[in-house]
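Inspection log for the structure reproduced underneath, given as structure tokens.
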Amino acid sequence: MILEVLDLFDQQFLVTPVSLTYHDDEKLYPAELSKIGTGGPVQIAHADLVPEMQPFRDALTQAWVSKGEKLTEDIYSGEMRGLTHCVDTIYNGQRQGSFLYLKDKPNVTILYGAHSKQLIIDPVTRVCSGVTVVSEAYNTEISVYASREVILSQGVFETPKLLMLSGIGPAAELAKHNITPIVESPHVGQHLLDHPIVPFVLRLKDGYGLEDHILRPGPTNNAAIAQYKKDKTGPISSGLLELVGFPRIDQRLEKYPAYREAKAANGGLDPFGPAGQPHFELDFVGMFSTAFQWHYPVPEEGNHMTVIVDLLRPLSEGEVTLNNSNPLVQPNINLNFFGNDLDILAMREGVRWTYDLLTSGAGFKDIVLSEYPWKMPLQSDDEMKRAVLDRSQTGFHPCGTARLSKSIHQGVVDSKLRVHGVRNLRIADASIIPVIPDCRIQNSVYMIGEKGADIIKADHKDLYESKNIPYFVPSRL
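The numbers in my numbering rise by one with no breaks, and the one at position 79 of the sequence shown is 331.
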């Protein structure tokens, strides 16, 4: 994504947003990692290395190295490969949220319990001047007008929905719902990207998981709660995800004609991304995690690990369309996971690669007892395809439904986040991301907010210069 944004944002993009402040209080990591957070309101740090998880970490690291894979702490300089310690928006045992941007701000008013009905756009001049919102609780409508511009930040699903309700979108979609078109913008709601994941669980030897500390009532759980209440340390302070793997599986993929044909059709380049980037993100959680397996029974005894296999550059694209023209009705969201069969092949082989790492890698193979609650049919391609389709779900990283572009024929917004074909309307949220990042999208969303703020302030210097206030804050981009 970096190169695309560099081009579209006029070469002003910094690799990591400085909306963060990085902490390494125990000096465990390379000093140069301070570059990943240099003075923003959101406090970040590497995941707490809780002592109870030391045997798990050691075994996983040994297995990773035994497979010829590298260890790294710097995935922030243009290449993401290897096993790394995870950085979280958690510091001193407490979560850090984007709400910190708004804390104690006197110039922000939030109208809660309201739904956007329609952008106010003059159909002749195509100038956006405000938005009409509806309140179900009070059965009323309110129109809010902007003195300068309207900034749309309703997210990957609601942003394209509001555009279409306002007459900006694909002509056929607007006509289907009898919406008067103002701007025919064919890419609104299209190019929905997300990371499909396949989770699985392995039972481990006792002493290698955190279930008794976190999931199960008892003396061990009571002690963990007491420790966290005392000084916000211990197992409960953990983000649970201490180690993340970023592998490539080129040798496995090259075995299959479908992949080789797709690569040849792509000019000899890997269709799943450039060589310096991974094919997968592998999340190794040292306990049974209900977050990704709510339909699995929670094990009553023993230690387990949850593994999330995350395909980072899927070829399949989805879309967001309208169910009807009622603003209170949710849009139709079609993630279209595995619409391209090559994504199934890649995910299947990613799961197999990960199983091989954990069940035959030095050290870790000695602590795996069994699969839970069902076995993965690793020996059959057809059964693996069924398993991928049955067990996959969203990684909760959607983006792309109002993507950056040079013209309305390619996307929805320009390099200054202005909606093509409409004046005084910008979009600043994950819907503008043109290529899904090779990881979580959180940093990219922070970057969009920071960069968007700078772009907007630069276009309205008179608000700041007359008061001798710099419109570029030194600690930001």
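C-beta atoms are modelled at their ideal positions from N, C-alpha and C, and glycine is treated no differently.
From a predicted model like this one, the values you see are computed outputs, not experimental measurements.
In the DSSP assignment, Ile373 falls within the unbroken beta strand (DSSP E) covering 367-373. The alpha-carbon of Ser683 is positioned some 8 angstroms away from that of Pro650.
Nearest in C-alpha terms to Gln346, of all of Lys709, Trp546, Gln529, Lys481, is Lys481. Beta-bridge partners of Pro448 (DSSP): Thr646.
In the three-state reduction of the DSSP assignment, Gly663 falls in the coil class, being assigned neither a helical nor a strand state. For the 8 angstroms CB-CB criterion, Asn555 and Gly461 form a contact. For Tyr397, the enclosing beta strand (DSSP E) begins and ends at 392-397.
At the C-beta level, Lys369 and Leu574 stay beyond 8 angstroms of one another.
Taking 8 angstroms as the cut-off, the Cβ atoms of His367 and Pro579 count as close.
In the DSSP annotation of this structure, Leu404 is not part of any alpha helix (DSSP H); the continuous beta strand (DSSP E) holding it starts and ends at 402-404.
Just so you know, the alpha carbons of Leu597 and Glu571 end up roughly 22 angstroms apart. When DSSP states are grouped into helix, strand and coil, Arg455 belongs to the strand group. Taken through DSSP and simplified to helix, strand or coil, Gly419 comes out as coil. For Leu454 against Met557, the beta-carbon gap comes to about 5 angstroms, under 8 angstroms, which counts as contact. Taking Thr432 as the centre and dropping the five residues before and after it, the same chain places the C-beta of Gly419 closer than 6 angstroms to its C-beta, in chain order. At a cut-off of 3 residues, the continuous stretches assigned as beta strand (DSSP E) that sit fully inside the region 478-550 are 495-498, 532-537. In the DSSP secondary-structure assignment, Asp562 is bridged to Ile449, Glu533. Arg500 is the residue among Arg500, Gln406, Thr472, Lys322 whose C-alpha sits nearest the C-alpha of Pro523. Rounded to the nearest angstrom, the gap between the Cα atoms of Glu393 and Val385 is 6 angstroms. Close CB contacts of Ile477 within its chain, under the 7 angstroms cut and outside five residues either way in sequence, are with Ile488 (chain order). With respect to the 8 angstroms criterion, Gly497 and Asp690 are not classified as neighbours on the basis of their beta carbons. Asn586 carries a strand assignment under DSSP once its states are collapsed to helix, strand and coil.
Counting only unbroken stretches of 3 or more residues, the beta strand (DSSP E) elements lying wholly within the region 274-329 are 294-298, in sequence order.
The region 504-513 and the region 338-354 do not touch, with fewer than 3 CB-CB distances between them shorter than 8 angstroms. Take Pro551, set aside five residues on each side of it, and the residues of its chain with a beta-carbon closer than 6 angstroms to its own are Phe540, in chain order.
Around the beta-carbon of Ser329, fewer than 16 other beta-carbon atoms lie within 10 Å, marking it exposed.
Relative to Asn588, the option among Gln529, Met636, His443 whose CA is nearest is His443. Closest option to Gly673, judged by alpha-carbon separation, among Asp681, Gly291, Ile373: Ile373. Gln442 carries a coil assignment under DSSP once its states are collapsed to helix, strand and coil. Bridge partners of Gly570 according to DSSP: Leu444.
Take the alpha-carbon of Arg400 and the one of Met332: they are about 41 angstroms apart. The criterion of a C-beta distance shorter than 8 angstroms is satisfied by Arg604 and Leu630.
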